[in-house]
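Structure first, commentary second.
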DNA sequence: ACTTGACCCTGACAGC
DNA sequence: TGCTGTCAGGGTCAAG
């Protein structure tokens, strides 16, 4: 589920509870997610204070005291929720998938005790501990591309990265070393907003001289805009959602093309039909009429 | 060097 | 009701 905007929304939802909090106890209900949990994980985190919450691409960064960063990736099905710690809640009704509550942070903040629960049915998520001062050496970060909303992403950069590539745009934009944080949904959405076909060969957006064509400049703008919009939507959904059940990360978005196979294209005046194709094993949704 | 495909795992859903 | 097949928002690795 979580692409960059969702992870950012999770970060913002967790911040009031976790930033500045003391982790009294880290409860582990299994030894591994996608990878083994860190060596002596509970011992290393318990008793430490959380300095701040950060994010890099789709990675949530829980910054602990003593130069330690807990790196959390939510995979496809990871989510966090916040629960009050109620005295005598031994008989509290457990939600139906609590069997996938793998890691529980028992935190204390201003005398208030709460649980931050990581749930992940498919266990494609993972957690690592890394020295904050050496975070750039974390293998997944070493090759990571720029953030889509950061200054490092511009049309000139993309022209350098896409020049000469025969790879279809869909695959190039999913490549985390090109842009960090885009996933299947927002690549589809950005291409639709740019009127560009996901099958278009990446190098054709660059002039022979290596300059970005106008459509690449447009694409760059739309990538930024679709992420900014989604983060804003996540922020508004947080306010409604967090108070009801404490869950973060599964708010409902509405997309323009993603998961709309067979529906009328929403581009004004287009009149086409959204089509689903498979590219490198994953679904792509686009409108063949207005995306060229 | 680049690109694709199989794989990790569980749950939801459609069709029989 | 239950079975089976298909699909899912991610990343990694091997093989083409």
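Residue numbers (the UniProt record's numbering): 1 to 292. Where is the CB? At the ideal position from N, CA and C, for every residue including glycine. Given the structure is predicted, the values throughout are model-derived calculations rather than measurements.
- Going by DSSP, residue 184 is part of the alpha helix (DSSP H) stretching over 184-193.
- By the Cβ neighbour-count rule, residue 285 is buried, with 16 or more other Cβ atoms within 10 Å of its own.
- Under DSSP, residue 47 takes part in no beta bridge, so it has no partner.
- DSSP, read as helix, strand or coil, puts residue 255 in coil.
- Taking a C-beta distance under 7 Å as the contact criterion, residue 10 and residue 248 qualify as a contact pair.
- One Cα belongs to residue 109, the other to residue 288, and the distance between them is close to 53 Å.
- For the pair of segments examined, the segment 187-200 was found to touch the segment 152-171: the number of CB pairs separated by less than 8 Å reaches three.
- Across the structure, residue 62 and residue 268 are spaced so that their CA atoms are roughly 43 Å apart.
- In terms of CA proximity to residue 189, 228 leads the group 43, 209, 228, 34.
- Setting aside the 5 residues that flank it on each side, residue 73 is surrounded in the same chain by 58, 59, 125, 126, each with a C-beta closer than 7 Å to its C-beta; the list follows chain order.
- For residue 101, the uninterrupted beta strand (DSSP E) segment begins and ends at 101-109.
- Three or more beta-carbon pairs drawn from the segment 220-238 and the segment 142-152 are found closer than 8 Å, and the two stretches are therefore classed as touching.
- Comparing C-alpha distances from residue 157 to each of 98, 205, 22 shows the shortest one belongs to 205.
- Put simply, of 291, 81, 12, 25 the residue whose alpha carbon is nearest the alpha carbon of residue 53 is 12.
- Separation of residue 218 and residue 272 (C-alpha to C-alpha, rounded to the nearest whole angstrom) is 21 Å.
- Straight-line measurement puts the Cα of residue 162 at about 17 Å from the Cα of residue 181.
- For residue 278, the closest alpha carbon among the candidates 51, 261, 265 is that of 261.
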